[in-house]
Amino acid sequence: MNPLNHVAIIMDGNGRWGLKYKNSRNAGHKVGLKTVEKIIKETIRQKINFLTLYAFSTENWKRPKKEINYLFNLLESFLIKRIDQLHAQNIKIKIIGIKNFSKKLNNLLINAEKKTFKNKTLQINLALNYGSKKELINAIKKLNKNKKKINEININKYLQTNGIPDPEILIRTGNTNRLSNFLLWQLAYTEIFFEKKLWPDFTEDDFKKIIKKFKIIKRNFGNI
Ligand code: IPE
Ligand code: IPE
Ligand code: MG
Numbered sequence: 008m009n010p011l012n013h014v015a016i017i018m019d020g021n022g023r024w025g026l027k028y029k030n031s032r033n034a035g036h037k038v039g040l041k042t043v044e045k046i047i048k049e050t051i052r053q054k055i056n057f058l059t060l061y062a063f064s065t066e067n068w069k070r071p072k073k074e075i076n077y078l079f080n081l082l083e084s085f086l087i088k089r090i091d092q093l094h095a096q097n098i099k100i101k102i103i104g105i106k107n108f109s110k111k112l113n114n115l116l117i118n119a120e121k122k123t124f125k126n127k128t129l130q131i132n133l134a135l136n137y138g139s140k141k142e143l144i145n146a147i148k149k150l151n152k153n154k155k156k157i158n159e160i161n162i163n164k165y166l167q168t169n170g171i172p173d174p175e176i177l178i179r180t181g182n183t184n185r186l187s188n189f190l191l192w193q194l195a196y197t198e199i200f201f202e203k204k205l206w207p208d209f210t211e212d213d214f215k216k217i218i219k220k221f222k223i224i225k226r227n228f229g230n231i
């Protein structure tokens with residue numbers, strides 16, 4: 008049985024779900040947040056130590072302002088309402104991506120990270136204003152500036168995922184088979200599961216089925 012420490016998820020399909028059932032993309036984002044809560048609970052039940060959630064890409068700034076604002080307001084109220092509960096569950100929050108949001112949201116994110124820094128049960132990496140290419144460019148720039156050797160260990164050290172094991176599983180919901188600039192380096196040997204369901208429809212059972220399939224995959228890492 009394959010060990011499992013880290014699951015990464017591209018939570019895609021909120022907009023289509025919202026349009027289909029509520030005639031509003033934003034309604035899909037709201038329901039998508041419920042799925043996030045369910046999957047966090049299941050991750051803890053499964054004793055998985057790291058969960059990385061792609062919530063906003065560096066490319067998502069191209070979207071209409073109204074949708075971007077809605078997403079960030081949703082995140083703000085989630086943090087305000089839920090941070091104590093997350094902390095009580097011994098969850099550590101880490102943001103990967105560049106925090107250049109409103110002062111209010113930046114502070115909420117920084118405080119969430121500070122408050123939960125020592126927690127041990129589950130680390131949630133929230134990819135927010137995250138782009139893998141930008142992350143790699145920044146890492147290489149820093150290596151250069153500090154006159155470090157360009158090698159795998161040093162690149163790992165300067166990525167925002169420093170200290171986090173590579174994901175064993177990547178799930179992308181929403182019936183779209185691409186990576187959309189997510190963890191390009193870290194996913195080198197990850198098992199990828201593309202799910203037809205839109206994110207708001209994704210359930211604990213869907214998650215458990217993927218884990219079950221993963222556990223018995225023969226992982227070669229180049230060997231035979
Ligand atoms: C959620 O899904 C991902 C975010 C950027 C928050 P989308 O909003 O991309 O939904 P679809 O793909 O348009 O349905
Ligand atoms: C990827 O979804 C980003 C997140 C889930 C946050 P997108 O919906 O932005 O991806 P593309 O643009 O369809 O590739
Ligand atoms: Mg999408």
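Heads up, the sequence shown is in this note's numbering, so the first residue is 8 and it goes up one at a time. C-beta: ideal position from N, C-alpha, C; glycine also. The model shown is predicted, which means the values in this text are computed figures rather than measured ones.
Nearest neighbour of residue i, chosen from the options [CA to CA]
i    : options                   : result
G25  : N230, P71, G39 and N12    : G39
P174 : I55, L81, N118 and I144   : I55
D19  : T180, K140, I147 and K122 : T180
F85  : I171, P71, L133 and W68   : L133
R52  : G229, E211 and K220       : E211
V43  : P207, N158 and I162       : P207
G170 : I178, I160, L143 and L177 : I160
Y137 : K215, L194 and F63        : F63
Y61  : F189, D213 and I47        : F189
I1   : F57, N33 and E142         : The displayed coordinates of the chain run from 8 to 231. Any statement about residue 1 would go beyond what the structure contains.
K45  : N113, D213, F228 and K27  : D213
K115 : S31, R226, K225 and D91   : According to the sequence displayed, residue 115 carries Leu and not Lys. The residue with the shortest Cα to Cα distance from L115 is D91.
A15  : K48, K148, I103 and F57   : F57
A95  : L129, E83 and I75         : L129
N184 : T168, Q193 and K203       : K203
N67  : K27, G22, N113 and A119   : G22
Where the alpha helix (DSSP H) through residue i begins and ends
i    : result
R32  : R32 to R52
R179 : Element bounds for R179: not the alpha helix (DSSP H) but the beta strand (DSSP E), I176 to R179.
F189 : Note, F189: premise wrong, no alpha helix (DSSP H); not H, not E.
F228 : Where F228 is concerned, there is no enclosing alpha helix (DSSP H), given that its DSSP letter is neither H nor E.
F214 : E211 to K222
I160 : E159 to Y165
K29  : N21 to K29
Local conformation of residue i per DSSP, three classes
i    : result
I55  : coil
L150 : helix
I131 : strand
L60  : strand
N67  : helix
N182 : coil
Where the beta strand (DSSP E) through residue i begins and ends
i    : result
E198 : E198 to F201
I17  : H13 to I17
Contact with chain C by residue i, beta-carbon distance below 8 Å
i    : result
F200 : In the structure shown, chain C cannot be found, because there is only a single protein chain.
Quiz item: Taking the runs of the beta strand (DSSP E) that are 3 residues or longer, which of them lie wholly in the segment 89-129?
Solution: 98-103
Self-check item: Touching by the beta-carbon criterion (3+ pairs, under 8 Å), the segment 121-141 and the segment 96-113
Solution: A contact exists between the segment 121-141 and the segment 96-113.
Quiz item: With contact counted as at least three CB pairs below 8 Å, one residue from each stretch, are the segment 191-203 and the segment 214-230 in contact?
Solution: Yes, since at least three Cβ pairs between the segment 191-203 and the segment 214-230 fall closer than 8 Å, the two stretches touch.
Quiz item: Using 8 Å as the threshold, is the segment 75-90 in touch with the segment 106-115, meaning 3 or more CB pairs across them?
Solution: Yes, they touch.
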